[in-house]
Amino acid sequence: MDTITWDDFSKVQLRVGRVLQADVFEKARKPAYILHVDFGPELGVRKSSAQITVHYQPQDLVGRLVVAVVNFPPKQIGPLMSECLVTGFHDADGAVRLCIPEGEVPLGTRLL
Numbered sequence: 001m002d003t004i005t006w007d008d009f010s011k012v013q014l015r016v017g018r019v020l021q022a023d024v025f026e027k028a029r030k031p032a033y034i035l036h037v038d039f040g041p042e043l044g045v046r047k048s049s050a051q052i053t054v055h056y057q058p059q060d061l062v063g064r065l066v067v068a069v070v071n072f073p074p075k076q077i078g079p080l081m082s083e084c085l086v087t088g089f090h091d092a093d094g095a096v097r098l099c100i101p102e103g104e105v106p107l108g109t110r111l112l
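In this text, residue positions in the sequence shown follow full-length UniProt numbering: the first is 1, and each later residue adds one.
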């Protein structure tokens with residue numbers, strides 16, 4: 001495993017946001033949702049493609065807190081311009097489970 005410096009890690013902006021809307025991403029190559037995530041007044045609402053369809057239904061995602069990288073450059077994913085990367089972990093079968101805060105924290109809070 002390569003090691004990184006604290007300066008390397010400090011460049012990554014991992015922030016908490018709340019899912020406002022989750023829709024099936026019908027034009028995605030692999031099953032995915034389009035998430036609209038509110039990161040609070042400083043960052044606003046950003047869109048992301050998330051391949052989390054095995055463990056989550058769109059209606060169950062609305063209102064949930066998520067952790068996302070917000071300082072990657074926007075990335076074109078089919079017809080969607082993804083503006084953040086929602087984080088998660090692969091389970092034993094390779095499906096993704098979201099990385100989420102244990103409790104309520106203010107939107108936009110940075111992971112330290």
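Glycine included, each C-beta is placed from N, C-alpha and C at the ideal position. As the structure is a prediction and not an experimental result, all values here were calculated from the model.
{"query": "With H, G and I counted as helix, E and B as strand and the rest as coil, what does DSSP make of Leu43?", "result": "coil"}
{"query": "Go through the UniProt domain \"TRNA-binding\" (8 to 112) residue by residue and report every complete run of the beta strand (DSSP E) that reaches 3 residues or more, in order.", "result": "14 to 24, 33 to 38, 45 to 50, 65 to 69, 75 to 77, 80 to 82, 88 to 90 and 96 to 98"}
{"query": "Below 8 Å on the Cβ atoms is my contact criterion, and I expect Ile100 with Arg64 to pass it. Report the Cβ-Cβ distance as a whole number of Å.", "result": "7 Å"}
{"query": "Would a C-beta distance cut-off of 8 Å place Val37 and Ser48 closer than the cut-off?", "result": "yes"}
{"query": "With distances taken from CA atoms, which of Val24, Ile77 and Thr109 is nearest Pro58?", "result": "Val24"}
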